[in-house]
Amino acid sequence: MKPMGPIPPDFIGESGALLIGGRPAEALVAETADTPLFVYDFAVVAARIARFRAAFPGIALHYAMKANPFAPLVARIAPLVDGIDIASAGEARIAIAAGMPAACLSFAGPGKRDEELEFALLHGATLNLESEGEAARALAIAARLGVTPRLAVRVNPDFELRGSGMRMGGGARPFGVDAARVPALVRRIVAAGAEFRGFHIFAGSQSLDAEAIIEAQAATVALAARLAEEAGARPPRLNLGGGFGIPYFAGDEALDVGRIGAALTGAARPEVLAETEYCLELGRWLVGECGVYLTRVVDRKESGGQVFLIVDGGLHHQLAASGNFGTVVRRNYPLAVAGRFGAEAEETVSVCGCLCTPLDLLGNQVALPRAEAGDLIAIFLAGAYGATASPAAFLGHPPAGEVVV
Ligand SMILES: *Cc1c(COP(=O)(O)O)cnc(C)c1O
203 MKPMGPIPPD
213 FIGESGALLI
223 GGRPAEALVA
233 ETADTPLFVY
243 DFAVVAARIA
253 RFRAAFPGIA
263 LHYAMKANPF
273 APLVARIAPL
283 VDGIDIASAG
293 EARIAIAAGM
303 PAACLSFAGP
313 GKRDEELEFA
323 LLHGATLNLE
333 SEGEAARALA
343 IAARLGVTPR
353 LAVRVNPDFE
363 LRGSGMRMGG
373 GARPFGVDAA
383 RVPALVRRIV
393 AAGAEFRGFH
403 IFAGSQSLDA
413 EAIIEAQAAT
423 VALAARLAEE
433 AGARPPRLNL
443 GGGFGIPYFA
453 GDEALDVGRI
463 GAALTGAARP
473 EVLAETEYCL
483 ELGRWLVGEC
493 GVYLTRVVDR
503 KESGGQVFLI
513 VDGGLHHQLA
523 ASGNFGTVVR
533 RNYPLAVAGR
543 FGAEAEETVS
553 VCGCLCTPLD
563 LLGNQVALPR
573 AEAGDLIAIF
583 LAGAYGATAS
593 PAAFLGHPPA
603 GEVVV
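Residues 203 to 607 in our numbering are what the sequence shown lists, from first letter to last.
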C-alpha cells in the first residue's frame with residue numbers, strides 16, 4: 203500500500219455519499235451529462251478568497267487564470283478579485299466576457315504575438331513586458347494605434363523561491379528581464395510616453411514553506427525598491443507573484459497564509475514604494491482544492507495478484523494526478539470511492555486510466571473501500587492545472603465535462 207495525499211477538509215459525506223457543493227456526486231453526474239466530469243465547488247474558492255482578504259488587508263488579489271480558465275468559474279471569481287492575470291489573448295477574451303474590466307487585466311507570458319499585443323493595448327490591459335524586444339514592439343504597435351500603452355516590467359529576479367515546485371526566477375530564464383537591465387528599460391519606456399505601471403516579480407510556484415515565501419517577498423520588495431530608485435520612477439503597482447502551494451501528497455501541510463500576510467503587511471515599506479499598490483497573483487491556491495474529477499470504473503481486473511480498477515477517465519484530462527505534470531517522483535493524489543465516502547478501506551488497488559499507456563496511472567496501490575465496475579471514483583485537487591493542462595487529444599477519447607456548483 204502506498205499513501206495518498208489529504209482530501210481537502212471542505213468535502214464531506216452524507217449517508218456514505220461524497221457531497222460536492224451539498225449534492226451527491228452521483229446526482230451531479232446524472233444531471234450534467236456523463237463521466238468523466240470535473241466539478242468545481244465555488245464555495246471552496248469563495249472561502250479561500252475570504253481567507254486571503256482576512257490575512258492580507260490592503261493587498262490586492264489577482265486571479266492567475268491559467269490555473270483554471272473555465273469560463274463559468276472565471277465569471278464567479280471575477281467580482282471577488284481585483285484583477286485577472288492572463289497569459290494569452292484567448293484568456294483575455296474569457297476574462298473580459300466574465301465581466302472583468304480590461305483595465306484590471308495584466309498580461310504576462312513570453313512570446314506574445316503582435317496580434318495579442320494589439321488586442322491588449324486596444325483594451326487598455328497592462329502588459330507585463332518580458333523583454334526589451336517585446337517593449338519595442340509594444341511601443342511601436344501603440345504608436346500605430348494611437349493609444350498610450352500601460353506597461354509594467356516583469357523582472358527576472360536575482361534570487362529564487364526556495365524549495366518551490368516550479369522555478370520561474372533566478373539565473374538564466376526565458377521569463378522577464380534580468381534585474382540589472384530593468385532600470386534602463388523603465389527609463390526608455392517612460393521617455394517613450396508610456397504609462398509606467400510598475401513591476402511584476404514572480405519567483406516560483408507551489409511552495410508550502412511560509413518562511414521561504416516570506417523571505418522571497420521581502421527580497422522582492424527590496425529588489426523593486428532598488429530598481430525604482432535606479433530608474434527614477436515610482437511604480438504604481440508591485441505584483442509580488444504568488445507561489446502559494448496546496449497540500450497534494452501524504453505529509454504535506456497547508457500553508458500558513460496568516461503568517462505570510464502578517465509579515466508582508468507588517469513590514470516597513472521603502473520610501474520609494476510608499477504609494478505603491480502591492481498585489482499577489484494566485485492560481486493554484488485559489489482554485490486547486492475546489493475541483494473533483496469524477497470518473498467511473500469500467501473494469502475491475504486482477505493481474506499478478508494485484509487488483510486494477512480501470513476507469514473511463516485518465517491523464518488526457520487530469521495529467522497532474524498521473525504524476526506527469528511538473529513532478530519528479532510519482533506520488534498519489536487523494537482518491538475516494540464516491541458512493542462509499544468515509545468507509546473503511548478494504549483492499550489495495552491501483553486505479554488506471556483508459557489510455558493505452560502505462561503512464562496512465564491515477565492511483566498507485568492505494569487503500570480504498572471495495573469498488574466494482576459502475577462505481578464512481580473521485581480524484582481530488584483537480585481545480586487547477588487539470589482539464590486545460592492535460593493532453594486532451596491524446597488517444598482520441600472525448601473531453602471531460604466541467605461544471606461549477
Ligand atoms: C502560473 C503563474 C501564476 C500562478 O501560479 P500558481 O502556482 O498557480 O499560483 C502566477 N503568475 C505567473 C506569472 C504565472 O506564470
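In this text, a Cβ means the ideal position worked out from N, Cα and C, and glycines have one as well.
As the structure is a computational prediction, the values presented were derived from the model and not from experiment.
Does ligand 1 have even one heavy atom less than 8 Å from the beta-carbon of L425?
Counting from 1 along the sequence shown, the entry for residue 425 is found at position 223. No, Cβ of L425 sits at least 8 Å from all heavy atoms of ligand 1.
Counting Cβ pairs closer than 8 Å, one from the region 423-436 and one from the region 513-520, do we hit at least three?
no
Inspect the CB distances between the region 250-261 and the region 211-225 and report whether three or more fall short of 8 Å.
no
Once the 5 residues before and after A421 are set aside, which same chain residues still bring their CB inside 6 Å of it?
As a position in the sequence shown, residue 421 is number 219, starting the count at 1. Result list for A421: F361, in chain order.
How is the beta strand (DSSP E) around H264 delimited, first residue to last?
Against the sequence shown, residue 264 aligns to sequence position 62. Here the beta strand (DSSP E) through H264 covers A262 to A266.
If you draw a straight line from the C-alpha of E151 to the C-alpha of V246, how long is it?
The chain is shown from 203 up to 607; residue 151 falls before or after that span and cannot be answered.
Which class does L457 belong to by DSSP, given the choice of helix, strand or coil?
By one-based count along the sequence shown, residue 457 stands at place 255. Residue state, collapsed to three classes: coil.
Let's test the definition: count the other Cβ atoms within 10 Å of the Cβ of Q520 and tell me whether it reaches 16, buried, or not, exposed.
Taking the sequence shown and counting its residues from 1, one reaches residue 520 at position 318. Burial state of Q520 is buried, judged by a 10 Å Cβ sphere holding 16 or more other Cβ atoms.
Pull up the distance between the alpha-carbon of D562 and that of A595, whole angstroms please.
Stepping through the sequence shown from its first residue, residue 562 is reached at position 360. Stepping through the sequence shown from its first residue, residue 595 is reached at position 393. Cα-Cα distance, rounded: 14 Å.
Ligand 1 heavy atoms versus the CB of S616: any closer than 8 Å?
No information on residue 616 is available, as it lies outside the stretch 203 to 607 that the chain covers here.
In the DSSP assignment, the alpha helix (DSSP H) including R315 goes from what residue to what residue?
Taking the first residue of the sequence shown as position 1, residue 315 is located at position 113. Boundaries for R315: no alpha helix (DSSP H) harbours it, and the DSSP string shows neither H nor E there.
In the DSSP assignment, find the unbroken beta strand (DSSP E) run with E483 in it and report its ends.
Here the question's residue 483 lines up with position 281 in the sequence shown. Where E483 is concerned, the enclosing beta strand (DSSP E) starts and stops at E479 to L484.
Using DSSP bridges, identify the partner residues of I286.
Translated into the one-based positions of the sequence shown, residue 286 becomes position 84. Paired residue(s): Y265 and L307.
Have a look at G528 and I296 and give me their C-alpha separation to the nearest angstrom.
In the sequence shown, the residue the question calls residue 528 occupies position 326. In the sequence shown, the residue the question calls residue 296 occupies position 94. The alpha-carbon atoms of G528 and I296 are separated by roughly 26 Å.
Less than 9 Å between the beta carbons of A322 and L331, yes or no?
As a position in the sequence shown, residue 322 is number 120, starting the count at 1. As a position in the sequence shown, residue 331 is number 129, starting the count at 1. For A322 and L331, no; Cβs fall outside 9 Å.
Relative to the alpha-carbon of A304, which residue among G285, G223, V231 and V530 has its alpha-carbon at the smallest distance?
As a first step, residue 304 is located in the sequence shown; it is residue number 102 there, counting from the start. Comparing Cα positions, the closest option is G285.
Can the beta-carbon of L475 be found closer than 9 Å to that of R436?
Stepping through the sequence shown from its first residue, residue 475 is reached at position 273. Stepping through the sequence shown from its first residue, residue 436 is reached at position 234. Yes, these two residues count as a Cβ contact at 9 Å.
Quick one, which of F258, A266, P210 and P274 has its alpha-carbon nearest S290's?
Taking the sequence shown and counting its residues from 1, the one referred to as residue 290 is at position 88. Checked all of F258, A266, P210 and P274; the closest Cα to S290 is A266.
Throw me the rounded Cβ distance for the G463 and A405 pair, which I believe falls under 8 Å.
For the purposes of this step, residue 463 is taken as residue 261 along the sequence shown, with counting starting at 1. For the purposes of this step, residue 405 is taken as residue 203 along the sequence shown, with counting starting at 1. Going by Cβ atoms, the distance from G463 to A405 rounds to 18 Å, so no, they are not a contact pair.
Any chance you could list the residues with Cβ under 5 Å from a heavy atom of ligand 1, keeping chain order?
A266, A269, A310, F404, S407, G444, E483, L484, G485 and R486
With DSSP as the reference, please indicate the residues paired to K503 in a beta bridge.
Locating residue 503 in the sequence shown gives position 301, where the first residue counts as 1. Answer is F510, bridged to K503.
Helix, strand or coil for P226, going by three-state DSSP, please let me know.
As a working mapping, residue 226 is identified with position 24 in the sequence shown. P226 falls in the strand class under three-state DSSP.
Please give me, in chain order, every unbroken run of the beta strand (DSSP E) with length at least 3 that falls completely inside the region 512-539.
Counting only runs of 3 or more, we get 537-539.
Name the residue from P210, M203, T237 and L488 whose alpha carbon lies nearest to the alpha carbon of F582.
Residue 582 sits at position 380 when you count from the first residue of the sequence shown. Nearest of P210, M203, T237 and L488 to F582, Cα basis: P210.
Taking C-beta to C-beta, are K314 and G485 nearer than 9 Å?
Taking the first residue of the sequence shown as position 1, residue 314 is located at position 112. Taking the first residue of the sequence shown as position 1, residue 485 is located at position 283. Against a cut-off of 9 Å, the Cβ pair of G485 and K314 comes out as no contact.
What three-state label does DSSP hand I416 in the structure shown?
Here residue 416 refers to the residue found at position 214 of the sequence shown. DSSP places I416 in helix when its eight states are reduced to three.
For F244, name the three-state secondary structure that DSSP assigns.
The residue labelled residue 244 in the question sits at position 42 within the sequence shown. Of the three classes helix, strand and coil, the one that applies to F244 here is helix, per DSSP.
Does the Cβ of G507 have 16 or more other Cβ atoms within 10 Å, making it buried, or fewer, making it exposed?
For this step, residue 507 is matched to residue 305 along the sequence shown. Result: exposed.
Classify L221 as helix, strand or coil using the three-state DSSP reduction.
Sequence index remark: in the sequence shown, residue 221 carries index 19 (1-based). L221 falls in the strand class under three-state DSSP.
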